[in-house]
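Numbering of the sequence shown is given in UniProt numbering, commencing with residue 1 and proceeding in unit increments.
C-beta: ideal position from N, C-alpha, C; glycine also.
All of these numbers come straight from a predicted model, not from anything done at the bench.
Notes for the one structure printed next.
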Amino acid sequence: KRLYPSGARPLYGLVEGVGRGKRALSMARTRELQPRIVEQVYASKMYSAWIIDLMTRCESISVRTGSWMYVTVQHPNSKNPFTHYSSPKLRREAPEQLESFHKEVSMTMTALVCSDRKARVEEMISALKQEARAVEAEKRSERMEQELKQARDQVSELQAKL
């Protein structure tokens, strides 16, 4: 007997971040959630491929059902602006509101990307400064050891003269 994911029996857990209106929505995943891709080159390659699949599915859903749809996606490491899809019904029935909404999303995505990059740059600068401090401390330690050795040698010489 085959088991199907449902709200009562979410075989692969629940989708996080999905909502209906102003409320969160409990929605079962239809497939297992894979772990985050760590290697950036591969992550970017898969992102590009999956975006095409996502936008194709969005178009299919909105055209076949006649629904309003607006979907945006932005990868933090992308040099390109965010990718978005607007359904024909939304473009036809609310063009001014769509343009306004699109501008707000654009500003939000730009702010997120800038703050993410700024945070990564600040982390890198902090790490480099910490590394420089460690190198300087190592050099200072070596100088102090040399000075200590010289002082001990001088003490030994003075004791030998006595």
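Around the Cβ of Gln74, are there at least 16 other Cβ atoms within 10 angstroms (buried) or fewer (exposed)? Counting from one through the sequence shown, the residue named residue 74 turns up at place 74. Buried, since its Cβ has 16 or more Cβ neighbours within 10 Å.
Could you tell me the distance, in whole angstroms, from the CA atom of Leu11 to the CA atom of Arg31? Numbered from its first residue, the sequence shown carries residue 11 at position 11. Numbered from its first residue, the sequence shown carries residue 31 at position 31. Approximately 8 Å between the Cα atoms of the pair.
What does the alpha-carbon distance come out to for the pair Glu59 and Ser67? By 1-based counting over the sequence shown, the position of residue 59 is 59. By 1-based counting over the sequence shown, the position of residue 67 is 67. One C-alpha to the other measures close to 10 Å.
Return the CA-CA distance between Arg36 and Glu16, expressed in angstroms with no decimal places. Looking up residue 36 in the sequence shown gives position 36. Looking up residue 16 in the sequence shown gives position 16. About 15 Å.
Rounding to the nearest angstrom, what Cα-Cα distance links residue 163 and Glu145 in this structure? Any question about residue 163 goes unanswered here, given that the chain covers just 1 to 162.
Give a yes or no on whether the C-beta atoms belonging to Met55 and Thr72 are separated by under 8 Å. Translated into positions along the sequence shown, residue 55 becomes position 55. Translated into positions along the sequence shown, residue 72 becomes position 72. Taking a C-beta distance under 8 Å as the contact criterion, Met55 and Thr72 do not qualify as a contact pair.
For the beta strand (DSSP E) that Tyr70 lies in, which residues bound it at each end? Looking up residue 70 in the sequence shown gives position 70. Taken as a continuous stretch (DSSP letters only), the beta strand (DSSP E) holding Tyr70 covers 70–73.
So the candidates are Tyr70, Arg57, Ser48, Gln40; which of them puts its Cα closest to the Cα of Val105? Taking the sequence shown and counting its residues from 1, one reaches residue 105 at position 105. Among Tyr70, Arg57, Ser48, Gln40, the Cα nearest to that of Val105 is on Tyr70.
In angstroms, rounded to a whole number, what distance separates the CA positions of Val121 and Met46? On the sequence shown, residue 121 is found 121 positions in, with the first residue counted as 1. On the sequence shown, residue 46 is found 46 positions in, with the first residue counted as 1. Answer to the nearest angstrom: the Cα atoms are 25 Å apart.
Check Thr83 in the structure and name its three-state DSSP category. Counting from 1 along the sequence shown, the entry for residue 83 is found at position 83. Of the three classes helix, strand and coil, the one that applies to Thr83 here is strand, per DSSP.
Assign Lys85 to buried or exposed, taking buried as 16 or more other Cβ atoms, counted over all protein chains shown, within 10 Å of its Cβ. Working through the sequence shown from its first residue, we reach residue 85 at position 85. The question names Lys, but residue 85 is Tyr in the sequence shown. The residue in question, Tyr85, is buried, as its Cβ has 16 or more Cβ neighbours within 10 Å.
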